[in-house]
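K.L.:
Each residue of the sequence shown is one higher than the one before, starting from 134 at the first, in our numbering.
I have a structure I would like to understand better, so I am pasting it below and will then ask my questions one at a time.
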Amino acid sequence: MKKKSIYILMTLILFWGCIMNLPDDVPQASDVFHLTDRDGNPSTTFASGEDFYMYFNLVNTTQDSLDYSYTGFPVYFSIYKGTTRIVGSMDGLSFAQVLIETKLAPGDTLKGMWLAPTPPIQSTKIDLDPGQYRAVVTFPAIEALQTDTIPDINFTVLR
Numbered sequence: 134m135k136k137k138s139i140y141i142l143m144t145l146i147l148f149w150g151c152i153m154n155l156p157d158d159v160p161q162a163s164d165v166f167h168l169t170d171r172d173g174n175p176s177t178t179f180a181s182g183e184d185f186y187m188y189f190n191l192v193n194t195t196q197d198s199l200d201y202s203y204t205g206f207p208v209y210f211s212i213y214k215g216t217t218r219i220v221g222s223m224d225g226l227s228f229a230q231v232l233i234e235t236k237l238a239p240g241d242t243l244k245g246m247w248l249a250p251t252p253p254i255q256s257t258k259i260d261l262d263p264g265q266y267r268a269v270v271t272f273p274a275i276e277a278l279q280t281d282t283i284p285d286i287n288f289t290v291l292r
């Protein structure tokens, strides 16, 4: 049990370490789901072997606190080529399936960020081959914020 607790703590430290190293020039929070290069410039075209950021910022624009629940992390990202899932931000991580119930207060933001395409726990860098890809964000459904309208992002990887 003690080893599992240490493993979970180390995973959380790694995750929060990634979040603390955000580029200075990121798009506005009104851009709910977007991709940027490592310098924070919005882009949907990347070179093979290039890392890029995926951001998710969902703001509660209502006057009410909104209930939502999740297990693991509330926001995670995946990359698809056609219908095949290539990689995800939480690959290699495991979580106790504990349901966490919480609220998103008025004006608060549900955030997520991933330096893609290598999962944070993986030591070997992942390089995407040239081609067309689709970035997908998964997060708790919050009906009042019309979260079903947030589209996937198509992007291109060049040589």
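We put the CB at the ideal spot given by N, CA and C, even for glycine.
Small disclaimer: the values here were computed from a predicted structure and weren't measured.
(1) Per DSSP, residue 245 is paired with what?
(2) I'd like to know if the segment 191-206 and the segment 238-257 are in contact, where contact means that at least 3 CB-CB pairs between them fall below 8 angstroms.
(3) For residue 155, name the three-state secondary structure that DSSP assigns.
(4) Under the DSSP definition of a beta bridge, which residues are partnered with residue 216?
(5) What's the C-alpha gap between residue 181 and residue 262?
(6) Compute the beta-carbon to beta-carbon distance between residue 272 and residue 280, rounded to the nearest angstrom, for a pair I have assumed lies under 8 angstroms.
(7) Between which two residues does the beta strand (DSSP E) carrying residue 202 extend?
(8) Look at the alpha carbon of residue 276 and the alpha carbon of residue 249, and state the distance between them as a whole number of angstroms.
(9) Could you give the first and the last residue of the continuous beta strand (DSSP E) run that contains residue 270?
(10) Comparing alpha-carbon positions, which option in 179, 209, 244 and 232 lies nearest residue 270?
(11) Grab me the residues of residue 267's own chain with a C-beta within less than 6 angstroms of its C-beta, minus the 5 sequence neighbours each way, in chain order.
(12) Are the beta-carbon atoms belonging to residue 254 and residue 278 less than 7 angstroms from one another?
(13) Distance check for residue 228 and residue 176, CA to CA, integer angstroms please.
P.N.:
According to the structure shown:
(1) Counting from 1 along the sequence shown, the entry for residue 245 is found at position 112. 189.
(2) Result yes; three or more Cβ-Cβ pairs closer than 8 angstroms.
(3) Locating residue 155 in the sequence shown gives position 22, counting from the first residue. Low confidence applies to residue 155: its pLDDT is 39, below 50, so where it sits in the model is not reliable, and the reading given next is rough at best. DSSP, reduced to helix, strand and coil, places residue 155 outside both helices and strands of the structure shown, so it counts as coil.
(4) Reading the sequence shown from its first residue, position 83 is the one you call residue 216. Residue 216 pairs with nothing; no bridge assigned.
(5) Against the sequence shown, residue 181 aligns to sequence position 48. Against the sequence shown, residue 262 aligns to sequence position 129. Counting only the Cα atoms, residue 262 lies some 6 angstroms from residue 181.
(6) Taking the first residue of the sequence shown as position 1, residue 272 is located at position 139. Taking the first residue of the sequence shown as position 1, residue 280 is located at position 147. Contact flag correct, Cβ pair sits at about 7 angstroms.
(7) As a position in the sequence shown, residue 202 is number 69, starting the count at 1. That run of the beta strand (DSSP E) goes 199-203.
(8) As a position in the sequence shown, residue 276 is number 143, starting the count at 1. As a position in the sequence shown, residue 249 is number 116, starting the count at 1. Cα to Cα, residue 276 sits roughly 28 angstroms from residue 249.
(9) For the purposes of this step, residue 270 is taken as residue 137 along the sequence shown, with counting starting at 1. Counting along the chain, residue 270 sits inside the beta strand (DSSP E) bounded by residues 264-271.
(10) Translated into positions along the sequence shown, residue 270 becomes position 137. Minimum Cα distance to residue 270 is reached at 209.
(11) In the sequence shown, counting from the first residue as 1, residue 267 sits at position 134. Closer than 6 angstroms at the Cβ level, and outside the excluded window around residue 267, lie 213, 285 and 287.
(12) Start at 1 with the first residue of the sequence shown, and residue 254 comes out as number 121. Start at 1 with the first residue of the sequence shown, and residue 278 comes out as number 145. For residue 254 and residue 278, no; Cβs fall outside 7 angstroms.
(13) Along the sequence shown, read from residue 1 onward, the residue named residue 176 stands at position 43. Along the sequence shown, read from residue 1 onward, the residue named residue 228 stands at position 95. If I take the Cα positions, the gap works out to 32 angstroms.
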